[in-house]
Amino acid sequence: MEFRRMTVEEIKKNLVEKLNSNFGCEISDATDEQLYKAVALTVRDEIMQRRTESRGVRKAEGAKKVYYLSAEFLVGRSLFSNMVNLVNEKNYIQALEELHIDRGLIAEEEPEPGLGNGGLGRLAACFLDALSSLQLPAMGCTIRYEYGLFRQKLVDGFQVEVPDNWLDDGNVWEVPRPDQTVQVHFGGRVEEFEENGRMNFRTVDSVAVEAVPYDIPTVGYDSCMVNMLRVWSARSPKRFDMNSFNRGQYVQAMEERELAEVISKVLYPNDDSWQGKELRLKQQYFFSSASVQYAVNDFLKVYGPQWSIFADKVAIHINDTHPAVAIPELMRLLMDEHGLGWDQAEDICRRTFAYTNHTVLQEALERWPENLFAQTLPRVYQIVCEMNRRLCEKLWKAYPGQWERIGHMAVVAYNQIHMANLCVAFTHSVNGVSAIHTDILEKRTFHDYYVMEPGKFHAITNGITHRRWLIQANPGLSDLIDSAIGDKWRKDMDYLAELKPFADDRAFRERFAEVKHYNKLRLADRVRRMQGVIMDPDTMFDAQAKRLHEYKRQLMNALGILMLYNRIDEDPSFDMPPKTFIFGAKAAPGYQRAKLTIKLINSIAELVKKHPRASKLISVVFLENYCVSQAEVLMPATELSEQISTAGKEASG
């Protein structure tokens, strides 16, 4: 499908109009924030125009639509990423230059979306980008976290968590869709009643929370496809209790609203307490239920109640176990709301859902206390128990008399709800994120299930989007590649294989080294501005950047640096090429050992800095508040990337 791109003059005209209409100012007196919003709104207009042009074509094809459910989407900033995917960044950059607008300054005005934390969320963001670029209809689904994870500050070497108010000035990319608000219910009790000779169920005395959707466009690279990342915000149906307020009960007047809306406040609330566990469960059911309700409503709007084709038109992908409760929720909707029988509903669910497992760590294979699950989601709990009963009958036939094995495979066992078993037992596809990872799932983690259904397990590795991590993050290298092999690799990464002969090309290698040195200067400048820390770009940059966790072994890296320091201190004849060790990581607020590791790394940095000889050979830098924007500058500058996680515990290892 052909589509036009904004010209330089059109972009300039739009920018001026946006400033006039939205802020009542001209370029000369606009703030950097106003300039950023004017540019972003101009880019958004071009994206939405493309979506309008392509929408009718997608509907006419009647293609299957993917709903990708994930607790995280670590999308990063969107401004220049969207320019790149529109294949119009050169026109935008030229327009900004002609208007004397510093694109570096306005880029820093864009808040980092607080929708993710680590590799799970970054993979989800790359996956949505890939689906859009391949012109596959899809929708990402998650929570509109008001405060994200947290903003990390370093105080005396310790991590301090402060709120990440990323939505304070709004989000220019999102499109509110209040017309598609749905209700999600918690607690209450289940009543049985007979109607037309059939036993039915309804939940009474429950607490309703409204799920209000906002859509963030994801434009495919050089593609007519614009998919949406749908983020759900929690809102109480009761806006304000005027009666309580008039009686002077001011806190009570706001209490119910605040209890409902806390669901979409923070990503991964600390679950050390019972209340924390309850909030996490509510979060997971909230966005899973809302997303499945939307998927069913959208199907009915297009096809009507043709349930026999539901799984042919709808695919729901569960990204790790956080959205696993979507499976019994679809069962509930099909049976309680639309009158289907159990066998038909279960068949539809099994053919609709697929599951990607991200880690074999037992702590990440979620389990919920059975009584908490029953109290919070009473009807869903009933359905899970019946799913488990039928599953155990099937397991008994496969493994007669092997109670321990069946207990290990059950969804409800030992007073817990095992979400990973729910995912494996009631989906048609189980995916690991690398061949090694899937091999571990088959041979160890889910071996008993693999023996029963070997065809269900797959190893489909989802790569990163090279548009963000190469074209956007490393423009110097992108231009060098263009000069060597042309630009067809920008759309199809396989063409990068044509670079192989240039490994022996001296001129190419020299230009490659120049690009790397420039990237190191860029990182050093950023760290100096953001943290006041001086980095020497003539040293080797050795980086370990990822969530801080014991299995990722930042501690081992730190101990290695201490050993090196001791050798320098004890052996005056020892020499080495100078090296800068760079760390970027956040530790979960309740994870004390991880937080102490951050303190240790910063203490080592101070120790090295004070040693007259060691400070000339090594230095240690801990990047504050590591995020996608930090990564976009760090990765092109890195010469040695530390991937030292415990073998078999992480796909990237």
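Throughout, our numbering is defined as the position within the sequence shown, counted from one, plus 8.
Idealized CB from N, CA, C, for every residue including glycine.
Along the chain, where does the alpha helix (DSSP H) that runs through residue i open and close?
i    : result
Y634 : No alpha helix (DSSP H) contains Y634, which DSSP labels as neither H nor E.
P336 : 334-340
F381 : 378-384
T446 : 443-448
L430 : 427-433
E17  : 16-26
F510 : Element bounds for F510: n/a, residue is neither H nor E.
R12  : First-last for R12: undefined, no H or E at that position.
V180 : Note, V180: premise wrong, no alpha helix (DSSP H); not H, not E.
N565 : 562-578
S623 : 622-625
L104 : 97-106
M584 : Looking at the DSSP string, M584 is not in any alpha helix (DSSP H), and its letter there is neither H nor E.
D176 : That residue, D176, is in no alpha helix (DSSP H); it is neither H nor E in DSSP.
F495 : One detail in the question is off: residue 495 reads as Asp in this sequence, not Phe. First-last for D495: undefined, no H or E at that position.
H346 : H346 -> no alpha helix (DSSP H), and no H or E assigned at all.
Assuming contact is defined by CB atoms lying nearer than 7 angstroms, are residue i and residue j in contact in what I supplied?
i    : j    : result
L631 : I576 : no
E118 : L87  : yes
A48  : V180 : yes
V92  : Q480 : yes
T446 : E374 : no
G129 : L77  : no
A443 : L399 : no
Y363 : V438 : yes
R238 : D223 : yes
N189 : V217 : The question names Asn, but residue 189 in the sequence shown is Thr. Not closer than 7 angstroms, so no.
I391 : R358 : no
K603 : A595 : yes
G440 : A467 : yes
R58  : V234 : yes
N278 : G598 : yes
R476 : S89  : yes
E54  : F11  : no
E378 : N429 : no
I324 : Y44  : no
Starting from residue i, trace the beta strand (DSSP E) in both directions and tell me its first and last residue.
i    : result
R288 : Not the beta strand (DSSP E): R288 falls in the alpha helix (DSSP H), residues 282-311.
N365 : 361-365
K603 : Where K603 is concerned, there is no enclosing beta strand (DSSP E), although the alpha helix (DSSP H) it sits in stretches over 600-618.
E203 : 197-203
Q191 : 190-194
R111 : Element bounds for R111: not the beta strand (DSSP E) but the alpha helix (DSSP H), 111-117.
I468 : First-last for I468: undefined, no H or E at that position.
M543 : Element bounds for M543: n/a, residue is neither H nor E.
V212 : 206-212
In this structure, what does DSSP give as the bridge partners for residue i?
i    : result
S486 : In the DSSP output, where bridge partners are listed per residue, S486 has none listed.
M236 : M147, P225
Y76  : G148, H325
L128 : For L128, which the question treats as bridged, DSSP gives no partner whatsoever.
H557 : The partner list for H557 (beta bridge, DSSP) is empty, contrary to what the question assumes.
L162 : Q167
S86  : Answer is none; S86 lacks a bridge partner.
G440 : N365, A467
V420 : I425
A551 : I590, S649
V217 : V192
P184 : Y222
R387 : According to DSSP, which records beta bridges pairwise, R387 is partnered with nothing at all.
Rounded C-beta distance between residue i and residue j? I'm assuming under 8 angstroms.
i    : j    : result
T588 : T547 : 5 angstroms
V628 : I542 : Not quite, the Cβ-Cβ distance comes to about 12 angstroms (not below 8 angstroms), so this is no contact.
V636 : E120 : 6 angstroms
I356 : W240 : Wrong, their Cβ atoms sit about 23 angstroms apart, outside the cutoff.
P586 : D544 : 7 angstroms
T360 : V322 : 6 angstroms
V368 : L449 : 7 angstroms
R555 : V641 : Not quite, the Cβ-Cβ distance comes to about 19 angstroms (not below 8 angstroms), so this is no contact.
Inter-stretch contact at 8 angstroms, needing at least 3 Cβ pairs: the stretch 311-318 / the stretch 158-166: no
The stretch 141-159 contacting the stretch 171-180, beta-carbon criterion three pairs below 8 angstroms: yes
Contact between the stretch 128-145 and the stretch 262-272 (3+ Cβ pairs under 8 angstroms): no
Segment contact, 8 angstroms Cβ cut-off, at least three pairs: the stretch 11-24 with the stretch 190-209: no
Three CB pairs or more closer than 8 angstroms across the stretch 516-532 and the stretch 553-573: no
The stretch 96-105 touching the stretch 132-141, judged by at least three CB pairs closer than 8 angstroms: no
Contact between the stretch 38-56 and the stretch 297-308 (3+ Cβ pairs under 8 angstroms): no
Three CB pairs or more closer than 8 angstroms across the stretch 329-343 and the stretch 280-293: yes
Touch test, the stretch 480-493 against the stretch 401-414, Cβ-Cβ under 8 angstroms, three pairs minimum: no
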